[in-house]
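The block underneath contains the structure these notes are about, expressed in structure tokens.
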Amino acid sequence: MTQTDGLTFTSNRFGSDSNVSLTGLSNVTGLASATGNAGQDVEGTINGQAAQGDGQVLFLANNAGGDAAGLQVRITGGEVGNRGSVNFIEGVSERAVDAITSILGANGALSSRTDALNRDLERIQEDRVKLDLRIESYQSRLVSQFSAADSLIAQLNSTRDYVTQQLAALAPNRQSD
-1 MTQTDGLTFT
9 SNRFGSDSNV
19 SLTGLSNVTG
29 LASATGNAGQ
39 DVEGTINGQA
49 AQGDGQVLFL
59 ANNAGGDAAG
69 LQVRITGGEV
79 GNRGSVNFIE
89 GVSERAVDAI
99 TSILGANGAL
109 SSRTDALNRD
119 LERIQEDRVK
129 LDLRIESYQS
139 RLVSQFSAAD
149 SLIAQLNSTR
159 DYVTQQLAAL
169 APNRQSD
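Per the working numbering, the very first residue in the sequence shown carries number -1; after that it's consecutive.
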């Protein structure tokens, strides 16, 4: 801001974009042309890291690294000088995001548990295939044994019928004796 005998000129911009100059006043009595000084962008650090200034805004670029990357602080009012300290402390929402990411992320607890369950499922499916083969083999063996037993019973029944006929044929001969 520049003041000349009752006239005040104020820039509506902040930082290096701010500048006021008085030119073309050679025909005005009592006024002389003057070039103003360019404003300064705010300077400082955030969370111990050198921050960039753009007018009133002090910020850490997103690629600055660290927990405070992307943080912006607007400095308003007052004269040039120290405004104090700004320290970044990770908030509850950031901690919640970290916790959820650790659970749901590619290497998170949920992913690990899902992988373990999928491995168990594959093992169970392999065991089921083996069990189906064993059941099929056992069933085949039982059918074979049943067929052999059925055949033996049929032979025994046939032998019984033959013996019964032979005894019946001998029985009338005994009655006549």
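A virtual CB, placed ideally from N, CA and C, is assigned to each residue, including glycine. These figures come from a predicted structure and were not determined experimentally.
First and last residue of the alpha helix (DSSP H) that includes residue i?
i   : result
T99 : 90 to 102
Rounded C-beta distance between residue i and residue j? I'm assuming under 8 Å.
i   : j    : result
L58 : G42  : No, L58 and G42 are not in contact; Cβ-Cβ is about 11 Å, not under 8 Å.
Q47 : R72  : Not really, about 18 Å apart at Cβ, beyond 8 Å.
T99 : G106 : 7 Å
A67 : N60  : 5 Å
Classify residue i: buried if its beta carbon has 16 or more other beta carbons within 10 angstroms, exposed otherwise.
i    : result
I122 : exposed
G82  : exposed
L69  : buried
T44  : Reading the sequence as shown, one finds Ile at residue 44 and not Thr. Buried, because 16 or more other Cβ atoms sit within 10 Å of the Cβ of I44.
Roughly how many angstroms lie between the CA atoms of residue i and residue j, to the nearest whole one?
i    : j    : result
L115 : L108 : 10 Å
A62  : D118 : 44 Å
A104 : T74  : 43 Å
Q50  : V40  : 8 Å
A166 : D148 : 26 Å
S138 : L129 : 14 Å
Q38  : E77  : 12 Å
F144 : I151 : 10 Å
A168 : Q153 : The amino acid occupying residue 168 in the given sequence is Leu; Ala does not appear at that position. Answer to the nearest angstrom: the Cα atoms are 23 Å apart.
A94  : D113 : 24 Å
L131 : L140 : 14 Å
A97  : A36  : 47 Å
R111 : S91  : 25 Å
Q1   : S16  : Because the pLDDT at Q1 is just 49, under 50, the model does not fix this residue reliably, and the point stays unresolved.
Q163 : A146 : 26 Å
S135 : V127 : 12 Å
Helix, strand or coil: which one does DSSP assign to residue i?
i    : result
V71  : strand
Q1   : For Q1, the pLDDT reaches just 49, beneath the cut-off of 50, and the residue's location in the model is therefore unreliable, although a value from the coordinates is still provided. Here Q1 sits in strand by DSSP.
V55  : strand
A66  : coil
N105 : coil
S110 : helix
V141 : helix
N155 : helix
R117 : helix
V161 : helix
V127 : helix
S16  : coil
R81  : coil
At what residues does the beta strand (DSSP E) containing residue i begin and finish?
i    : result
A62  : Per DSSP, A62 belongs to no beta strand (DSSP E) and is neither H nor E.
Q38  : Taken as a continuous stretch (DSSP letters only), Q38 belongs to no beta strand (DSSP E), as it is neither H nor E.
E48  : Checking the sequence shown, residue 48 turns out to be Ala, not Glu. It spans 47 to 52 - the beta strand (DSSP E) in which A48 sits, taken as one unbroken run.
G176 : Since the first and last residues shown for the chain are -1 and 175, residue 176 lies out of range.
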